[in-house]
Amino acid sequence: MLIEKNKIDEHNQSLLKEHKRKFDFVASEIKNIDSVLQKLIDFNVAIPSWALGTGGTRFARFSGSGEPRSLEEKLEDVGLLQALNKSSGAISLHIPWDIPKDYSSIKKLASQLDLQFDAVNSNTFQDQNNQELSYKFGSLQHVNKAVRKQAIEHNIEVIKHGVALGSKALTVWLSDGSCFPGQLNFRKAFQNTLESLEEIYSALPNDWKVFIEYKAFEPNFYSMTVGDWGQSLLYANKLGPKAFTLVDLGHHLPNANIEQIVSLLLMEGKLAGFHFNDSKYGDDDLTVGSIKPYQLFLIFNELVEGMDARGMNHAKDLGWMIDASHNVKDPLEDLLQSVEAIMLSYAQALLVDRKKLNEAQENNDAVAAQEILQNIFRTDVRSIIAEARLRSGGALNPLQFFREQKIREQLTKERGTKTIATGL
Ligand code: RM4
Ligand code: MN
Ligand code: MN
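Quick note on numbering: the sequence shown equals residues 47 to 470 in this note's numbering.
1. Out of TYR340, MET47, TYR392, PHE423, state which residue places its alpha-carbon closest to the alpha-carbon of GLN128.
2. When we look at the beta-carbon of ALA192 and count the other beta-carbons within 10 Å, is it buried (16 or more) or exposed?
3. Which residues does DSSP list as the beta-bridge partners of ILE137?
4. How many Å lie between GLU50 and LEU126 at the Cα?
5. DSSP three-state label for ALA318, please.
6. Extract the residue ranges of the beta strand (DSSP E) inside the segment 212-256, only unbroken runs of 3 or more that lie entirely within it.
7. With 16 other CB atoms within 10 Å as the buried threshold, where does GLN229 fall?
8. With DSSP as the reference, please indicate the residues paired to GLY365 in a beta bridge.
9. Note down, in chain order, each residue of its chain lying with its Cβ closer than 8 angstroms to the Cβ of ASP331, except the 5 sequence neighbours on either side.
10. With C-beta atoms as the reference, is LEU130 less than 8 angstroms away from LEU155?
11. State the DSSP-derived secondary structure class of LEU381, mapped to helix, strand or coil.
12. Just to confirm the assignment, what range does the beta strand (DSSP E) spanning VAL293 have?
13. Determine, using beta-carbon pairs with one atom in the segment 286-302 and one in the segment 249-262, whether at least three such pairs fall under 8 angstroms.
14. For PHE236, which residues in the same chain have their Cβ closer than 7 angstroms to its Cβ, ignoring the five residues on either side in sequence?
15. Within the same chain, show all residues whose beta-carbon is closer than 6 angstroms to that of GLU245, passing over the 5 residues directly before and after it, in chain order.
16. So, under 8 angstroms CB-CB, ASP435 and LEU442 are touching, yes? Tell me the CB distance rounded to an integer number of Å.
17. Is the Cβ-Cβ distance between TRP275 and ALA215 less than 8 angstroms?
18. For ARG107, which residues from the same chain have a beta carbon less than 8 angstroms from its beta carbon, with the 5 sequence-adjacent residues on both sides left out?
19. As a quick check of your reading: which residues have a C-beta less than 5 angstroms from at least one non-hydrogen atom of ligand 2, in chain order?
20. Taking ASP376 as the reference, which of LEU349, ARG454, LEU310 has the closest Cα?
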């Protein structure tokens, strides 16, 4: 389904007076409001194809209704998000869940919907039906060379699909590791993985990047072969200039200082970008900003400071993606909330007075530093995000629009109640 532009205009008209009042109030205190708005307009967060259906837990999956049944319908769902918030203009595909049947028609659909293809993701954490060798004991790290070869070939295949679609990066997340002490020789597992990654790296086109995503635990519970940012950075440094470390917010041990990790990876020019989500315990994949919004703001604070220090383009030089999926919310409503949370944290980080913060740091003034950060964190910037959406033709309140227009009900009519999106 497509959203009619005049419906969005009507919606905006009905909220405009109230919006203006709020926006004028907050904007009057911001010196560079137009440049802040422009950065927000330029910013985009990619939507993973696997977040469009209801996720599951180890125990059950309760599917929603009207979920996308095909790659085309996944694109249409992201197109809906993009039409509403104008900050979701890219989709990230997972192979083999999302292999296009016809590249040119998929590319045409994407451009009609104003979407780009973000990083492509390989999958060697599951066995596929027609697969010869199993990944039960790992893929790129496997003790058996033939298994490694199969996994390498799969990654090269994924690059080919990505090239055909216009993607520019491959994300490799490995579930490789071990569940019990003694099961694995750590050094051999590292070296096997490195050699495998080197083969994949040499198949990358010149203008491509490879993102090495780390994860502390799960599905392996004793060791993970790319278990933290240190290990990922080792691989990325050894591989070369096209390799970077990808930070998934849910892939750390509890209480890890993610903002510090981000700052140092940026300093080294090795930060690939993000998989945004939120969590309380492990890799919970909850809505971005739903549990620890202050942490998200602190991460963006380091991002903006670090990117500016290196003269980077906020919108284009790093990969921004959501990686979430869970059981209880409507996936599209959830994604609208996630994108909103990211935009709010980014906007707040743009408003931090860098000069004052730097002074406080140079004077060892911890009180002033906290005041500066928390004053911004407690500033309501929702109308600034809404204004950026308004200026780019989106809806003032995407979630309200989604509900008022009964979009899920319409999708259910079109697609049925028992649809299942491919993926996990
Ligand atoms: C993993 C990881 C990857 C994602 C898979 C589906 O936990 O976060 O990024 O591709 O899940
Ligand atoms: Mn991830
Ligand atoms: Mn994850």
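We put the CB at the ideal spot given by N, CA and C, even for glycine.
In short, the structure shows the following:
1. Counted from its first residue, the sequence shown places residue 128 at position 82. Distance from the Cα of GLN128 is smallest, within the candidate group TYR340, MET47, TYR392, PHE423, for MET47.
2. Stepping through the sequence shown from its first residue, residue 192 is reached at position 146. Label assigned to ALA192: exposed.
3. Indexing the sequence shown from 1 puts residue 137 at position 91. ILE93, PHE163, per the DSSP bridge assignment.
4. The residue labelled residue 50 in the question sits at position 4 within the sequence shown. The residue labelled residue 126 in the question sits at position 80 within the sequence shown. Computed Cα separation, rounded: 11 angstroms.
5. Position 272 of the sequence shown, counting from 1, holds the residue named residue 318. Residue state, collapsed to three classes: strand.
6. Taking only runs of at least 3 residues, the beta strand (DSSP E) segments lying wholly in the segment 212-256 are 215-219.
7. Working through the sequence shown from its first residue, we reach residue 229 at position 183. Classified as exposed, GLN229 has fewer than 16 neighbouring CB atoms from the shown chains inside 10 Å of its CB.
8. Numbered from its first residue, the sequence shown carries residue 365 at position 319. DSSP links GLY365 through a beta bridge to GLY319.
9. Within the sequence shown, the letter at position 285 stands for residue 331. Within its own chain, the residues whose Cβ lies closer than 8 angstroms to the Cβ of ASP331, once the five positions on either side in sequence are excluded, are GLY101, GLY296, ASN323, SER325, ASP369, ALA370, SER371, HIS372, listed in chain order.
10. Translated into the one-based positions of the sequence shown, residue 130 becomes position 84. Translated into the one-based positions of the sequence shown, residue 155 becomes position 109. Result no, Cβ atoms of LEU130 and LEU155 do not sit closer than 8 angstroms.
11. In the sequence shown, residue 381 corresponds to position 335, counting from 1. LEU381 sits in a helix when the DSSP states are folded into three classes.
12. Here residue 293 is taken as the residue at index 247 of the sequence shown, counted from 1. First-last of the beta strand (DSSP E) with VAL293: 289-294.
13. Remark: three or more beta-carbon pairs, one from each stretch, lie closer than 8 angstroms, so the segment 286-302 and the segment 249-262 are flagged as touching.
14. If you number the sequence shown from 1, residue 236 lands on position 190. Taking C-beta separations shorter than 7 angstroms and ignoring five residues to either side along the sequence, the partners of PHE236 in its chain run THR271, following chain order.
15. As a working note, residue 245 is residue 199 in the sequence shown. Closer than 6 angstroms at Cβ, skipping near neighbours: ILE198.
16. Residue mapping note: residue 435 aligns to position 389 of the sequence shown, counting from 1. Residue mapping note: residue 442 aligns to position 396 of the sequence shown, counting from 1. The amino acid occupying residue 435 in the given sequence is Arg; Asp does not appear at that position. Contact holds; Cβ gap of about 7 angstroms.
17. For the purposes of this step, residue 275 is taken as residue 229 along the sequence shown, with counting starting at 1. For the purposes of this step, residue 215 is taken as residue 169 along the sequence shown, with counting starting at 1. Between TRP275 and ALA215, the gap from beta carbon to beta carbon reaches 8 angstroms or more.
18. If you number the sequence shown from 1, residue 107 lands on position 61. Cβ within range, chain order: THR100, GLY101, ASN373.
19. After applying the 5 angstroms Cβ criterion, the set is ASP294, HIS321, ASP369.
20. As a position in the sequence shown, residue 376 is number 330, starting the count at 1. The shortest C-alpha separation from ASP376 is found at ARG454.
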